[in-house]
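These protein sequences, in sequence, are chains A and B.
Converting from the first sequence to the numbering used here requires adding 3 to each position, the first position being numbered 1.
Converting from the second sequence to the numbering used here requires adding 3 to each position, the first position being numbered 1.
Data first, discussion second: the structure below is written as structure tokens.
2 protein chains.
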Amino acid sequence: MTDMSIRAGWVIIACFCFCTSRGQQETLKWWNPAATHYKPEGQGWPSEVLYPYDRFPARAKKNVREVVWFKSQQSTGLIIKFRTDATYIHIRYKVKDTLFFEHMPSTGVSGLDLYALNKNGGWSWAGADYIFADTVQYFYNNLAPVGNKTYYLYLPLYNRVDWLEIGVPTTASFTPVDGNDKGSLVIYGTSIAQGGCASRPGMAWTAILGRRLHMPVINIGFSSNGQLERPVADLISELDAGMIILDCMPNMHSFSEAEITSRLEQTVNIIRSRHPLIPIIIAQHADANINQMNTSLDKSFKKVNDFVDRAFKKLKSKSVQNIYFLSAAAIGLTNESTVDGQHPSDLGMKQYADAYEQLLKKIPAR
Amino acid sequence: MTDMSIRAGWVIIACFCFCTSRGQQETLKWWNPAATHYKPEGQGWPSEVLYPYDRFPARAKKNVREVVWFKSQQSTGLIIKFRTDATYIHIRYKVKDTLFFEHMPSTGVSGLDLYALNKNGGWSWAGADYIFADTVQYFYNNLAPVGNKTYYLYLPLYNRVDWLEIGVPTTASFTPVDGNDKGSLVIYGTSIAQGGCASRPGMAWTAILGRRLHMPVINIGFSSNGQLERPVADLISELDAGMIILDCMPNMHSFSEAEITSRLEQTVNIIRSRHPLIPIIIAQHADANINQMNTSLDKSFKKVNDFVDRAFKKLKSKSVQNIYFLSAAAIGLTNESTVDGQHPSDLGMKQYADAYEQLLKKIPAR
Chain A
4 MTDMSIRAGW VIIACFCFCT SRGQQETLKW WNPAATHYKP EGQGWPSEVL YPYDRFPARA
64 KKNVREVVWF KSQQSTGLII KFRTDATYIH IRYKVKDTLF FEHMPSTGVS GLDLYALNKN
124 GGWSWAGADY IFADTVQYFY NNLAPVGNKT YYLYLPLYNR VDWLEIGVPT TASFTPVDGN
184 DKGSLVIYGT SIAQGGCASR PGMAWTAILG RRLHMPVINI GFSSNGQLER PVADLISELD
244 AGMIILDCMP NMHSFSEAEI TSRLEQTVNI IRSRHPLIPI IIAQHADANI NQMNTSLDKS
304 FKKVNDFVDR AFKKLKSKSV QNIYFLSAAA IGLTNESTVD GQHPSDLGMK QYADAYEQLL
364 KKIPAR
Chain B
4 MTDMSIRAGW VIIACFCFCT SRGQQETLKW WNPAATHYKP EGQGWPSEVL YPYDRFPARA
64 KKNVREVVWF KSQQSTGLII KFRTDATYIH IRYKVKDTLF FEHMPSTGVS GLDLYALNKN
124 GGWSWAGADY IFADTVQYFY NNLAPVGNKT YYLYLPLYNR VDWLEIGVPT TASFTPVDGN
184 DKGSLVIYGT SIAQGGCASR PGMAWTAILG RRLHMPVINI GFSSNGQLER PVADLISELD
244 AGMIILDCMP NMHSFSEAEI TSRLEQTVNI IRSRHPLIPI IIAQHADANI NQMNTSLDKS
304 FKKVNDFVDR AFKKLKSKSV QNIYFLSAAA IGLTNESTVD GQHPSDLGMK QYADAYEQLL
364 KKIPAR
């Protein structure tokens, strides 16, 4: 992974304002990424967005269903990168919607997560104090002075961030680092890909995978609405993708086998029209093997997995190249992997990431 | 594990009232365990409690600190067991305090969790629909008719249950099964032992361990207040324990080495005065190895672990028999194991359970 386009010093200075943090009674300088031309990692169309942390360009609004547009404004997968030697970082921001769900805490739905990529390629994680209120605040205290690191700040999984400012002591260095989306891993999926129900943004399987593979990730996950739709496939095909995952089966139970097969073929064809050779991974519904003692759900999970299995074989029989299959069995969720039988906890998220990592490492270089 | 004291039919019938569930438009019969002499599993003093789902006897109130008493009224570790052939179970209940935390969802803080022990000794898990409101409701639909199973209903981890009723269709069989606490695994600990931050009650490490070992568990975990105190040790020594875990270090950072050593010796001596030979396990603070980049916390974690290490060796040097040590390294949490650097997610809970299981299986039979 390469840090791209380090912003010139004067731009940063122009966007800092000076004030005092109540947390540490220290004078801070604040940076608002949206007030610059800063480009978060994971944002496919940074120069075309309506709100600063949208995942789709403004023009998508007229093409996708209203609920897809709504969820595309939730900031999952977006990462703000910066370098600083500060021992204290204070972040304040405002989100648009409900802070939490019944089965997913505020720290995941609306929280931040801060990792540092160290110069040896390893990842450190930073714990925080936080306040969830009208303005949400995260306080990172007593940060160790690890040399030459780049911070990765993950944005909320299930909320729209309306504004956000990062504060560090005036005496500290601070350099924004533009996101790199070249050769991204693009993931089109459901609530599970969007991050439900990770305890914090860095524990979404998409985020874990990005860190492990040192690969930029563009998250195209829409809770309840990952349905292999043409307008979304068209958008995805525009991206500088190195690999594409299609993990939509958990939202396609109500469709017939013919419909699933047709949507899968259409999506693959649209991607292939612009990306003749990049690997495309097609996944089964992972929780098909959980014994929930719910006969109705269990049948539904098995049915959709049979459909996608046959659809994949049909694509292979048509000699579509570089397509790969991830089975529910390979993901291997158990009845301890989810909070509700559908949404992985951090344990299920790790299992998802393990399975994808194992498959992706076998796929020849892009 | 043996199901004890199956209640006589006439008691059950007396405690059912008949009404209609809005969920399934089916006539249900309701059972309120507290209106009988029902004994939940995991409740050490069932005949002495002030509220039906307290963990301490009423007489403890005058001996323990107020906050310890408050937390002892939270129902973590309590299990209501029953047999039924119902394909639908509806549970309604009221809790006293806040439904959720910022870093832990309602499903864990105030939710239920339903497992079934099948006749082959395996566990099945049942997913639910739920409503978190003034009266909380859980709906279990389309349950598979698995023969001869006993349901284990885990109560909320961080709330007091004021009343609770279980409803099944009038046509279904229903038999309460008293809890078995003979030779229990008694766990005295902190918020982590209490279950913070599992996504649902069955994913607390104490619950996972109980299922894996088929051993009744009595949870003496108090968030922020597991501090090896004499009144708590006195109470624990009264229990029909087969094994005792002391996992209090995460709440003892502010104590000196002398104080920690003294409290540990006192607790072990009190237990030994009534239980001359049962195994006692003493654990380090598990998250000492997480690199949070927070130098202050990191030092504090390491310090307390050095203290308990030396205190354990001192006990061994005094020839105290059947004491065992669980190191932070054996638990092996990483920076992906917790939601906040302190409280395990379901992933960290599994790692805790794995480490304890590995150790406990090596300890000779009680």
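All C-beta atoms, glycine included, are put in the ideal place defined by N, C-alpha and C.
A quick note: this is a predicted structure, and the numbers were derived from the prediction, not measured.
Report yes if the CB atom of K152 (chain A) is closer than 7 Å to the CB atom of A119 (chain A), and no otherwise.
Their beta carbons are under 7 Å apart, which means K152 (chain A) touches A119 (chain A) by this criterion.
Return helix, strand or coil for N272 (chain B), following the three-state DSSP convention.
N272 (chain B) falls in the helix class under three-state DSSP.
Measure the alpha-carbon distance for L102 (chain A) versus V271 (chain B) and round it to whole angstroms.
So the alpha carbons of these two residues sit roughly 44 Å apart.
Helix, strand or coil: which one does DSSP assign to L329 (chain A)?
The answer is strand: DSSP assigns L329 (chain A) an E or B state.
Can you look up L117 (chain B) in the DSSP assignment and give me helix, strand or coil?
L117 (chain B) falls in the strand class under three-state DSSP.
Taking CB distances under 7 Å as the criterion, tell me whether E371 (chain B) reaches chain A.
Not covered by the structure: residue 371 (chain B). The range shown for chain B is 4 to 369.
Is E260 (chain A) helix, strand or coil by DSSP?
It is helical.
For the segment 67 to 84 of chain B, which residues have a beta carbon sitting closer than 9 Å to at least one beta carbon of chain E?
Chain labels in this structure do not include chain E; the protein chains are A and B.
Check this for me: beta carbons of M352 (chain A) and W126 (chain A), under 7 Å apart or not?
It is not a contact, given that the beta carbons lie outside the stated cut-off.
What does the Cβ neighbour count give for S299 (chain B), buried or exposed, with the cut at 16 atoms within 10 Å?
It counts as exposed.
By the three-class DSSP mapping on this structure, what secondary structure does N254 (chain B) have?
Three-state DSSP puts N254 (chain B) in a helix.
If you draw a straight line from the alpha carbon of D312 (chain B) to that of S276 (chain B), how long is it in whole angstroms?
About 23 Å.
Among the residues of its own chain, which have a CB less than 6 Å from the CB of N123 (chain A), if the five just before and after it don't count?
Counting only Cβ-Cβ distances below 6 Å, and skipping sequence neighbours, we find nothing.
Specify the secondary structure class of D184 (chain B) as computed by DSSP and reduced to three states.
DSSP places D184 (chain B) in coil when its eight states are reduced to three.
Which two residues bound the contiguous alpha helix (DSSP H) that contains D349 (chain B)?
Here the alpha helix (DSSP H) through D349 (chain B) covers 349 to 365.
Find the residues of chain A that neighbour T193 (chain B), judging by a C-beta separation of less than 9 Å, and give them in chain order.
Within 9 Å Cβ-Cβ: nothing; T193 (chain B) doesn't reach chain A, min ~17 Å.
Could you tell me how far apart the beta carbons of I190 (chain B) and D250 (chain B) are, in whole angstroms, since I believe they sit closer than 8 Å?
Sure, about 7 Å apart at Cβ, within 8 Å.
Should the segment 159 to 166 of chain A be regarded as contacting the segment 95 to 115 of chain A, the criterion being three or more beta carbon pairs within less than 8 Å?
Flag = yes, the segment 159 to 166 of chain A and the segment 95 to 115 of chain A touch.
Relative to chain B, which residues along the segment 234 to 246 of chain A have a C-beta separation below 7 Å, given in chain order?
Result list empty, no residue passes.
Does the Cβ of P367 (chain A) have 16 or more other Cβ atoms within 10 Å, making it buried, or fewer, making it exposed?
Answer is exposed; the Cβ neighbour count stays below 16.
In this structure, how does DSSP classify V71 (chain A) when only helix, strand and coil are distinguished?
Helix, per DSSP.
Along the chain, which unbroken stretches of the beta strand (DSSP E) at least 3 residues long are found entirely within the segment 191 to 267 of chain B?
With a minimum length of 3 residues, the continuous beta strand (DSSP E) runs that stay inside the segment 191 to 267 of chain B are 220 to 224, 244 to 250.
With a cut-off of 7 Å, does the C-beta of D165 (chain A) fall near any C-beta of chain B?
It does not: the Cβ of D165 (chain A) has no partner Cβ on chain B nearer than 7 Å.
Is the beta carbon of V71 (chain A) closer than 7 Å to that of N308 (chain A)?
Their beta carbons are not under 7 Å apart, which means N308 (chain A) does not touch V71 (chain A) by this criterion.
Out of B:Q77, B:W34, B:E262, B:N66, point me to the one whose CA is closest to G224 (chain B)'s CA.
Among B:Q77, B:W34, B:E262, B:N66, the Cα nearest to that of G224 (chain B) belongs to B:Q77.
What three-state label does DSSP hand V112 (chain B) in the structure shown?
Reduced to three states, the DSSP call for V112 (chain B) is helix.
Quick one: list the residues of chain A neighbouring L336 (chain B), beta-carbon separation under 9 Å, in chain order.
The premise fails here: L336 (chain B) is roughly 11 Å from chain A at the closest Cβ pair, so nothing lies under 9 Å.
Cutting at 6 Å between CB atoms, please list the residues of its own chain near R266 (chain A), excluding the five before and the five after it.
If we look at R266 (chain A) and ignore the five residues flanking it on each side, its Cβ neighbours are L231.
Below 8 Å, how does it come out for the segment 194 to 202 of chain A and the segment 50 to 68 of chain A: are there three or more Cβ pairs, yes or no?
No, because fewer than three Cβ pairs between the segment 194 to 202 of chain A and the segment 50 to 68 of chain A fall closer than 8 Å, the two stretches do not touch.
If we call anything under 7 Å between Cβ atoms a contact, is A331 (chain A) one with Q287 (chain A)?
Yes.
So which residues on chain B does T1 (chain A) lean against when the C-beta distance must stay under 8 Å?
No answer is possible for residue 1 (chain A): the residues shown for chain A start at 4 and end at 369.
Assuming V193 (chain A) and P108 (chain A) form a contact by the criterion Cβ under 8 Å, report the distance between their Cβ atoms to the nearest whole angstrom.
According to the sequence as given, residue 193 (chain A) is Thr; it is not Val. The Cβ separation is near 20 Å, so there is no contact.
Using CA coordinates, which residue listed in B:T264, B:S50, B:G45, B:S320 is at the minimum distance from A38 (chain B)?
Among B:T264, B:S50, B:G45, B:S320, the Cα nearest to that of A38 (chain B) is on B:S50.
Might you give, ordered along the chain, the residues of its own chain that have their beta carbon closer than 7 Å to the beta carbon of G335 (chain B), omitting 5 neighbours on each side?
For G335 (chain B), where only same-chain residues beyond five positions count, the Cβ hits under 7 Å are Q354, A358.
Does the segment 31 to 48 of chain A come within contact of the segment 173 to 191 of chain A, defined as at least 3 CB pairs closer than 8 Å?
Contact between the segment 31 to 48 of chain A and the segment 173 to 191 of chain A is present, because at least three Cβ pairs lie under 8 Å.
Between L329 (chain B) and I263 (chain B), is the Cβ-Cβ spacing less than 7 Å?
The answer is no: Cβ separation not under 7 Å.
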